[in-house]
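S.K.:
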Amino acid sequence: MKENFNKQLLLGTLIGILTPILFLPVLILFLSLSKGIDFEVIWSQISSNNMNTSKYLSLAMIVNLLWFYYFLNKEQYHLTRGIILGMICFAPYMVYIYFFQ
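So my numbering is basically just the index in the sequence shown, starting at one, shifted up by 5.
(1) With a cut-off of 8 Å, do at least 3 Cβ pairs link the segment 27 to 44 to the segment 79 to 89?
(2) From this set, L16, N57, N11, which residue's C-alpha is nearest F73's C-alpha?
(3) From M66, G41, K79, pick the residue whose C-alpha is nearest to that of G91; which is it?
(4) In chain order, what residues of the same chain lie with their CB nearer than 8 Å to the CB of Q50, ignoring the 5 residues before and after it?
(5) For N69, count neighbouring Cβ atoms within 10 angstroms of its own Cβ and tell me buried if that reaches 16, exposed if not.
(6) Looking at the C-beta of N55, does it have a partner C-beta in chain B at a distance below 8 Å?
(7) Straight-line CA distance for F105 to S52?
(8) How is the alpha helix (DSSP H) around M99 delimited, first residue to last?
(9) Grab the span of the alpha helix (DSSP H) containing M92 for me, first residue to last.
Here's what the structure looks like:
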């Protein structure tokens with residue numbers, strides 16, 4: 006049981022949760038620059054419309070693939086499992102927004 010839950014798994018989970026949240030403003034900045042719209046306009050759209058939040062958050066989760074493949078190539082399998090677990094933590098929110106809003 007101790008082998009299944011360790012510090013590396015927890016660290017991978019935190020990376021999997023925090024990376025999309027931290028990358029979301031960067032993604033919105035790139036979108037605002039490419040569309041020629043102010044950052045605040047797109048941020049307010051995301052804040053007010055949960056469907057847009059879900060779409061942009063799932064787009065920001067692609068960054069976790071970089072961590073996933075990096076730790077997979079380094080054979081850090083507990084960190085890799087943590088990244089997957091962190092991404093799964095977003096699933097209930099996505100399902101709630103998609104089906105119940």
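Built from N, CA and C at the ideal position, the CB exists for glycine as well.
A quick note: this is a predicted structure, and the numbers were derived from the prediction, not measured.
M.R.: Concretely, from the data shown:
(1) no
(2) Along the sequence shown, read from residue 1 onward, the residue named residue 73 stands at position 68. Of L16, N57, N11, the residue nearest in Cα terms is L16.
(3) For the purposes of this step, residue 91 is taken as residue 86 along the sequence shown, with counting starting at 1. Answer by Cα proximity: M66.
(4) Walking along the sequence shown from the start, residue 50 turns up at place 45. Excluding sequence neighbours, Q50 sits near N57.
(5) Here residue 69 is taken as the residue at index 64 of the sequence shown, counted from 1. Buried, because 16 or more other Cβ atoms sit within 10 Å of the Cβ of N69.
(6) Checking the listed chains, one finds no chain B in this structure; it contains a single protein chain.
(7) Reading the sequence shown from its first residue, position 100 is the one you call residue 105. Reading the sequence shown from its first residue, position 47 is the one you call residue 52. Their backbone Cα atoms lie some 17 Å apart in a straight line.
(8) Position 94 of the sequence shown, counted from the first residue, corresponds to residue 99. 96 to 105 is the extent of the alpha helix (DSSP H) around M99.
(9) Looking up residue 92 in the sequence shown gives position 87. Taken as a continuous stretch (DSSP letters only), the alpha helix (DSSP H) holding M92 covers 82 to 93.
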